[in-house]
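Residue numbers (the working numbering): 15 to 179.
C-beta: ideal position from N, C-alpha, C; glycine also.
For reference, the structure discussed in these notes is given below.
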């Protein structure tokens, strides 16, 4: 179990680094596009073309790490009111709800990806197919759901919410 936990941790960290690196590269391209647009009247068409696709993948890439480290938003209203064992049960229930929501999101994203592929949807100027980008984002969200399932089943093997990272 510990070895699988280490593999999951490495995978979610690598995925977040890749996603944020893509976003950083895209931000640099946006700055370059703005400069070229302003001073040379020569915008970079690709920058506007793939904005939603790049951002969807970059944002989705951080979800597995957030789930693994349990950094999702939590409400601690019940901690002072109810006994600790009941609060832990409520936390497990909340983690289960997040798991179901992520599964539903992944399913909906896959359905959207399939619809986009069937429609042959492409970007408006460069005719880049959109479906592969959406399939990547869908797969990452599905992976986040699997990671959340791991957190529900093995809470001791994921990073606790209050841990310093």
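Under the three-state reduction of DSSP output, residue 112 falls in the helix class. Spatial neighbours of residue 112 in its own chain (CB-CB distance under 7 Å, excluding positions within 5 residues in sequence) are listed in chain order as 86, 162. Distance between residue 103 and residue 24, taken at the CA atoms: about 28 Å. For residue 99, DSSP assigns no beta-bridge partner whatsoever.
Taking a C-beta distance under 8 Å as the contact criterion, residue 75 and residue 154 qualify as a contact pair. In this chain, the alpha helix (DSSP H) harbouring residue 163 covers 145-167.
Burial is judged here by how many other beta carbons sit within 10 angstroms of a residue's own beta carbon; residue 72 has at least 16 and is buried. In the structure shown, the three-state DSSP call for residue 106 is helix. Under the criterion of beta carbons closer than 8 Å, residue 57 and residue 67 do not qualify as touching, at roughly 18 Å.
Of the residues assessed, residue 138 falls on the exposed side of the cut-off, its CB having fewer than 16 other CB atoms within 10 angstroms. Here residue 22 is near residue 164, since their CB atoms are less than 8 Å apart. DSSP, reduced to helix, strand and coil, places residue 80 within a helical segment of the structure shown.
For residue 20, the three-state secondary structure derived from DSSP is helix. Residue 80 holds the alpha-carbon nearest to the alpha-carbon of residue 29 among 59, 80, 114.
Remark: C-beta atoms of residue 119 and residue 60 do not approach each other more closely than 8 Å. Of the other Cβ atoms in all chains shown, 16 or more fall within 10 Å of the Cβ of residue 33; this residue is therefore buried. Judged by DSSP secondary structure, residue 59 falls within the alpha helix (DSSP H) whose first and last residues are 59-63. Contact between residue 109 and residue 166 holds: their C-beta atoms lie close to 5 Å from each other, under 8 Å.
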